[in-house]
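Chains as they are written, first to last, in our numbering: chain A, 1 to 116; chain B, 117 to 234.
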Amino acid sequence: DAGVIQSPRHEVTEMGQEVTLRCKPISGHNSLFWYRQTMMRGLELLIYFNNNVPIDDSGMPEDRFSAKMPNASFSTLKIQPSEPRDSAVYFCASSPRAGKASYEQYFGPGTRLTVT
Amino acid sequence: AQKVTQAQTEISVVEKEDVTLDCVYETRDTTYYLFWYKQPPSGELVFLIRRNSFDEQNEISGRYSWNFQKSTSSFNFTITASQVVDSAVYFCALSEVESGGSNYKLTFGKGTLLTVNP
Numbered sequence: 001d002a003g004v005i006q007s008p009r010h011e012v013t014e015m016g017q018e019v020t021l022r023c024k025p026i027s028g029h030n031s032l033f034w035y036r037q038t039m040m041r042g043l044e045l046l047i048y049f050n051n052n053v054p055i056d057d058s059g060m061p062e063d064r065f066s067a068k069m070p071n072a073s074f075s076t077l078k079i080q081p082s083e084p085r086d087s088a089v090y091f092c093a094s095s096p097r098a099g100k101a102s103y104e105q106y107f108g109p110g111t112r113l114t115v116t
Numbered sequence: 117a118q119k120v121t122q123a124q125t126e127i128s129v130v131e132k133e134d135v136t137l138d139c140v141y142e143t144r145d146t147t148y149y150l151f152w153y154k155q156p157p158s159g160e161l162v163f164l165i166r167r168n169s170f171d172e173q174n175e176i177s178g179r180y181s182w183n184f185q186k187s188t189s190s191f192n193f194t195i196t197a198s199q200v201v202d203s204a205v206y207f208c209a210l211s212e213v214e215s216g217g218s219n220y221k222l223t224f225g226k227g228t229l230l231t232v233n234p
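Following this line, the structure appears as structure tokens:
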């Protein structure tokens with residue numbers, strides 16, 4: 001079975017440009033999570049969805065960040081406009097049961113974003 | 117608020133040595149779940165184990181073993197006879213159910229970089 005799929009794997013863009021990261025969760029999983037990983041702050045939860053509905057976006061750093069999940073098999077994380085401090089690895093993860101703390105999350109390979 | 121502390125930032129061992137990675141957590145909930153993830157140099161995060169707060173039995177999987185002790189709020193991870201392929205960053209994580217019981221968050225520790233030298 002395919003795991004969580006993220007695209008692109010690498011993205012280099014200039015400050016001020018719009019960046020869109022994409023994620024396809026594991027089929028049948030009901031929860032989807034977006035994380036950001038940096039050396040300074042480690043792994044941070046940005047937002048998560050249960051059954052395509054955003055539940056908690058308190059981790060989204062500012063209004064420049066937005067996330068959508070139009071259907072069960074696709075989610076996007078958009079940064080507009082991008083800034084150098086947004087440079088990080090962005091992970092998408094999915095989990096089998098919405099709202100169940102007991103279930104592990106399966107992570108995608110990540111998107112390494114560099115904003116110059 | 118929940119918190120996970122991995123006090124060891126980096127550990128370096130020689131192949132075949134045993135190594136223990138420490139994890140201490142804080143939570144006010146009585147029901148919670150603990151996880152370990154591995155992040156090899158390739159970058160992906162790989163799930164290793166899940167443990168719930170009501171099950172304090174230690175678990176062994178091949179060369180890996182986990183020691184869960186509620187009395188000290190610790191969930192330590194031991195690799196026996198380490199190998200070069202074990203070199204990775206290892207993350208401990210805690211999941212607790214928020215009020216209302218329908219939502220939850222996974223809080224990660226800062227990770228421990230394990231280097232196994234040949």
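The C-beta atom is built at its ideal place from N, Cα and C for all residues, glycine as well. Keep in mind it's a predicted model, so treat the numbers as computed, not measured.
Continuous beta strand (DSSP E) stretch holding residue 117(A): start and end: For chain A, the structure presents residues 1 to 116; residue 117(A) sits outside this window and is missing.
Assuming residue 52(A) and residue 71(A) are in contact, meaning their beta carbons sit under 8 angstroms apart, how far apart are those beta carbons, in whole angstroms? As a working note, residue 52(A) is residue 52 in the first sequence. As a working note, residue 71(A) is residue 71 in the first sequence. With a Cβ gap of about 7 angstroms, residue 52(A) and residue 71(A) count as contacting.
Using DSSP with H/G/I as helix, E/B as strand and the rest coil, what is residue 57(A)? Within the first sequence, the letter at position 57 stands for residue 57(A). Residue 57(A): coil per DSSP, three-state reduction.
For the beta strand (DSSP E) that contains residue 78(A), what are its first and last residues? Here residue 78(A) refers to the residue found at position 78 of the first sequence. Here the beta strand (DSSP E) through residue 78(A) covers 74-79.
State whether the stretch 6-20 of chain A contacts the stretch 61-75 of chain A, with contact taken as three or more CB pairs (one from each stretch) at a distance under 8 angstroms. The answer is no - the stretch 61-75 of chain A does not touch the stretch 6-20 of chain A, with fewer than three Cβ pairs under 8 angstroms.
Cα-Cα separation, residue 97(B) to residue 156(B): This structure leaves residue 97(B) out entirely; chain B is present only between 117 and 234.
Under 8 angstroms between the Cβ atoms of residue 81(A) and residue 6(A)? The residue given as residue 81(A) occupies position 81 in the first sequence. The residue given as residue 6(A) occupies position 6 in the first sequence. For residue 81(A) and residue 6(A), no; Cβs fall outside 8 angstroms.
Taking a cut of 7 angstroms between CB atoms, which residues from the stretch 159-181 of chain B lie near chain A? 159, 160, 161, 163, 166, 168
Counting along the chain, where does the beta strand (DSSP E) carrying residue 155(B) start and finish? Residue 155(B) sits at position 39 when you count from the first residue of the second sequence. Segment 148-155, the beta strand (DSSP E) holding residue 155(B).
Touch test, the stretch 175-182 of chain B against the stretch 193-213 of chain B, Cβ-Cβ under 8 angstroms, three pairs minimum: yes
Under 8 angstroms between C-beta atoms, does residue 28(A) make it to chain B? If you number the first sequence from 1, residue 28(A) lands on position 28. So, not an interface residue.
Starting from the C-beta of residue 233(B), find all residues in its chain whose C-beta is less than 8 angstroms away, skip the five residues before and the five after it, and write them out in chain order. As a position in the second sequence, residue 233(B) is number 117, starting the count at 1. The residues are 128, 129, 130, 131, 200.
Short of 8 angstroms Cβ to Cβ, which residues in the stretch 187-211 of chain B face chain A? 207, 211
The stretch 219-231 of chain B: positions lying closer than 9 angstroms to chain A by Cβ: 219, 220, 221, 222, 223, 224, 225, 226, 227
Closest to residue 40(A) by CA distance: which of 103(A), 104(A), 89(A), 111(A) is it? Here residue 40(A) corresponds to residue number 40 of the first sequence, with the count starting at 1. Residue 40(A) has its Cα closest to that of 89(A), out of 103(A), 104(A), 89(A), 111(A).
The stretch 34-60 of chain A: which residues have C-beta closer than 8 angstroms to a C-beta of chain B, in chain order? 42, 43, 45, 48, 50, 55, 56
Should residue 37(A) go down as buried or exposed, given a rule of 16 or more other Cβ atoms within 10 Å for buried? Your numbering for residue 37(A) matches position 37 in the first sequence. Buried is the call here.
Counting only C-beta atoms, is residue 151(B) closer than 8 angstroms to chain A at any point? Residue mapping note: residue 151(B) aligns to position 35 of the second sequence, counting from 1. Yes, residue 151(B) counts as interfacial toward chain A.
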